[in-house]
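Chemist:
Residue numbers (the working numbering), protein chains in the order written: chain A, -15 to 96; chain B, 1334 to 1447.
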């Protein structure tokens, strides 16, 4: 079975500062990893995903994440935060059977 | 291309009443998920379908929840009777069903039980 732990339920950064959202996973099989963003009263939107190959994955809106097998991590970063990045972010893991499980989420606040 | 469509968007019911949610997945998507999202938490899987077969319903409270996916397309999730603790957002998602493909989400149905 797969599971995800997101460290930090709330993260606050200043506009223009680095964004770092942490995700650690547990999986008995090689994982597929995802980051989703959720804006208020909306469904979840895919930011990026890791399947195989290159461990540094680039997504939409300037976000990227690096898969580190030795650390069982898939942290999400963005060099410079924008006000529009304020949202809830979810890390998810899937094994080979399409069983997608989500973390508890991290709420990102961007201060002007 | 149309996304995942859910209805209704909002529903308010009294406890002990029945309620149903409807989901129309993206055309051609074999896998369909129902998740429940409580306020401030991540989505929790209730049931996953591969075509018309429920392959994972281990987290579905079967005493009051039921789901169906007739003909492997649209799906309905039902609660009968509803309890106060069922207040949450119910999310439907679909995917191609190929390993590593992402799930696409609908906007959800916000249920309030009073």
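Glycine included, C-beta positions come from ideal geometry on N, C-alpha and C.
All figures in this text were calculated on a predicted structure; none of them were measured in a lab.
1) Can you round the beta-carbon distance between residue 7 of chain A and residue -10 of chain A to whole angstroms, since I take them to be within the 8 Å contact cut?
2) Leaving out five residues before and five after residue 34 of chain A in sequence, what residues of the same chain have Cβ atoms less than 6 Å from its Cβ?
3) Which residue's Cα is closest to the Cα of residue 1347 of chain B: B:1437, B:1427 and B:1420?
4) For the candidate residues B:1357, B:1338, B:1362 and B:1350, whose alpha-carbon lies nearest to that of residue 1431 of chain B?
5) Identify whether residue 1389 of chain B lies in helix, strand or coil by the three-state DSSP scheme.
6) Compare the C-beta of residue 98 of chain A with all C-beta atoms of chain B and state if any pair is closer than 8 Å.
7) In the stretch 1392 to 1438 of chain B, which residue ranges form an unbroken beta strand (DSSP E) of at least 3 residues, counting only runs that do not cross its ends?
8) Name the residues in the stretch 39 to 50 of chain A whose C-beta lies less than 7 Å from a C-beta of chain B; which are they?
9) Apart from the five residues on each side of it in sequence, which residues of its chain come closer than 8 Å, Cβ to Cβ, to residue 2 of chain A?
10) Report yes if the C-beta distance between residue 85 of chain A and residue 1424 of chain B is below 8 Å; otherwise report no.
11) Taking Cβ to Cβ, would you say residue 1374 of chain B is nearer than 8 Å to residue 71 of chain A?
12) Using the three-state DSSP reduction, which class does residue 1347 of chain B fall into: helix, strand or coil?
13) Name the chain A residues whose beta carbon is nearer than 8 Å to that of residue 1424 of chain B?
14) If you measure from the beta carbon of residue 1378 of chain B to each beta carbon in chain A, is any gap under 8 Å?
15) Could you check where the beta strand (DSSP E) with residue 1366 of chain B kicks off and where it finishes?
16) Between which residues of its own chain and residue 45 of chain A is the CB-CB distance below 6 Å, once the five residues before and five after are set aside?
17) Can you list, in chain order, the residues of its chain with a C-beta nearer than 6 Å to that of residue 1384 of chain B? Leave out the 5 residues immediately preceding and following it.
18) With respect to the beta strand (DSSP E) encompassing residue 1380 of chain B, which residues constitute its N-terminal and C-terminal limits?
19) Pull up the distance between the alpha-carbon of residue 1357 of chain B and that of residue 1413 of chain B, whole angstroms please.
20) Identify each residue in the stretch 70 to 96 of chain A for which the Cβ-Cβ distance to at least one residue of chain B is less than 9 Å, and report them in chain order.
21) Starting from the beta carbon of residue 16 of chain A, find every residue of chain B whose beta carbon is closer than 8 Å, and list them in chain order.
22) Among the residues of its own chain, which have a CB less than 6 Å from the CB of residue 1445 of chain B, if the five just before and after it don't count?
Modeler: Considering the structure as presented:
1) Between residue 7 of chain A and residue -10 of chain A a beta carbon distance of about 5 Å is seen, short of the 8 Å cut, so the two are scored as contacting.
2) 17, 41 and 51, listed in sequence order.
3) For the residues B:1437, B:1427 and B:1420, the minimum Cα distance to residue 1347 of chain B belongs to B:1420.
4) For residue 1431 of chain B, the closest C-alpha among the options B:1357, B:1338, B:1362 and B:1350 is that of B:1362.
5) Three-state result, residue 1389 of chain B: strand.
6) In the structure as shown, chain A begins at -15 and stops at 96. Residue 98 of chain A is therefore absent and cannot be evaluated.
7) Taken in chain order, the whole beta strand (DSSP E) runs of length 3 or more contained in the stretch 1392 to 1438 of chain B are 1398 to 1401, 1408 to 1412 and 1421 to 1428.
8) Near chain B, meaning a CB-to-CB distance below 7 Å, no residue of the stretch 39 to 50 of chain A qualifies.
9) Excluding sequence neighbours, residue 2 of chain A sits near 61, 62, 63, 64 and 65.
10) The answer is no: Cβ separation not under 8 Å.
11) It is not a contact, given that the beta carbons lie outside the stated cut-off.
12) Coil.
13) In chain order: 27 and 28.
14) Under the Cβ distance rule, residue 1378 of chain B counts among the residues neighbouring chain A, one pair being separated by less than 8 Å.
15) For residue 1366 of chain B, the enclosing beta strand (DSSP E) has its first and last residue at 1364 to 1370.
16) So no residue of the chain qualifies.
17) The beta carbon of residue 1384 of chain B sits closer than 6 Å to the beta carbons of 1363 and 1405 from its chain, once the five residues preceding and following it are set aside; these are given in chain order.
18) Annotation: the continuous beta strand (DSSP E) that includes residue 1380 of chain B extends over 1377 to 1383.
19) Spanning the two alpha carbons is a distance of roughly 21 Å.
20) Listed by position, the residues of the stretch 70 to 96 of chain A near chain B (Cβ gap below 9 Å) are 72, 74, 75, 76, 78, 79, 80, 81, 82, 83, 84, 85, 86, 87, 88, 89 and 91.
21) Here the neighbours are 1432 and 1433.
22) Correct list, in chain order: 1345 and 1420.
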